[in-house]
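Residue numbers (our numbering): 37 to 249.
Even glycine gets a Cβ: it sits at the ideal position worked out from N, Cα and C.
All values reported here derive from a predicted model rather than from experimental measurement.
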């Protein structure tokens with residue numbers, strides 16, 4: 037049923053900033069958003085139906101720099117569409133875990149992985165209080181709310197402290213931390229105007245530096 041809904045409300049199309057990859061994406065973002073709102077609590081917002089700026093930048097960076105993830109275990113936190121997980125798997129990361137709390141997101145991630153000919157493990161759970169080890173932790177566009185940032189940042193800092201490479205893709209969201217980051221790359225990423233109010237978002241890939249204290 038989840039997959040039927042996803043396929044019935046999206047089209048498989050190249051990712052604007054990472055055209056090597058394709059995703060099931062909504063052609064009419066606002067219409068799909070309204071449809072899920074009408075469903076109420078039964079259906080979360082369709083974050084899985086769009087290639088958000090942070091995820092596109094992070095996927096682009098991973099594809100262009102495969103040595104960052106190749107042969108390493110990768111966690112794509114709050115995976116959404118699964119774009120970043122798919123990008124990591126495409127360039128040789130293994131195993132790749134796509135994590136989200138939304139079952140629609142994970143169904144989309146599985147469909148997108150299959151469409152791109154890669155294998156991605158999906159985990160439907162809140163992992164933010166866990167400490168499982170990963171070689172690389174990837175987080176695209178996760179600092180969009182105060183509540184999300186307050187939970188995500190400690191998790192990412194713990195991961196960096198254990199030796200994980202932690203990369204964050206962010207288009208200047210309000211709750212991105214102001215300390216402990218080093219810039220790896222910046223991109224001008226095409227985005228849906230109906231969602232972002234602009235056609236392009238200047239987006240940065242950051243590396244989270246382990247705390248010295």
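Terminal residues of the alpha helix (DSSP H) in which residue i lies
i: residue 231; result: 229-232
i: residue 69; result: 65-74
i: residue 98; result: 89-100
i: residue 126; result: 119-126
i: residue 107; result: Premise fails: residue 107 is in no alpha helix (DSSP H) and is neither H nor E.
i: residue 42; result: 38-44
Cβ-based burial, residue i [other Cβ within 10 Å; buried from 16]
i: residue 234; result: exposed
i: residue 204; result: buried
i: residue 167; result: exposed
i: residue 63; result: exposed
i: residue 97; result: buried
i: residue 33; result: Any question about residue 33 goes unanswered here, given that the chain covers just 37 to 249.
i: residue 67; result: exposed
i: residue 206; result: buried
i: residue 117; result: buried
i: residue 187; result: exposed
Beta-carbon gap between residue i and residue j smaller than 9 Å
i: residue 133; j: residue 170; result: yes
i: residue 33; j: residue 184; result: Because the chain here runs from 37 to 249, residue 33 falls outside it and cannot be looked at.
i: residue 140; j: residue 38; result: yes
i: residue 228; j: residue 92; result: no
i: residue 111; j: residue 154; result: no
i: residue 137; j: residue 99; result: no
Range of the contiguous beta strand (DSSP E) that encloses residue i
i: residue 50; result: 47-51
i: residue 138; result: Where residue 138 is concerned, there is no enclosing beta strand (DSSP E), given that its DSSP letter is neither H nor E.
i: residue 61; result: 54-61
i: residue 110; result: 110-113
Own chain partners of residue i with C-beta closer than 8 Å, once the 5 adjacent residues on each side are dropped
i: residue 107; result: 128, 129, 130
i: residue 86; result: 61, 62, 65, 116, 117, 228, 231
Neighbourhood of residue i by C-beta distance below 6 Å, restricted to the same chain and skipping five residues each side
i: residue 209; result: 179, 180
i: residue 202; result: 173, 192, 195, 196, 244
Cβ of residue i within 9 Å of any chain C Cβ
i: residue 72; result: Among the chains of the structure shown, chain C does not appear; only one protein chain is present.
Item checked: Segments assigned beta strand (DSSP E), at least 3 residues, entirely inside the stretch 152-236 -> 157-160, 172-176, 201-206, 217-226
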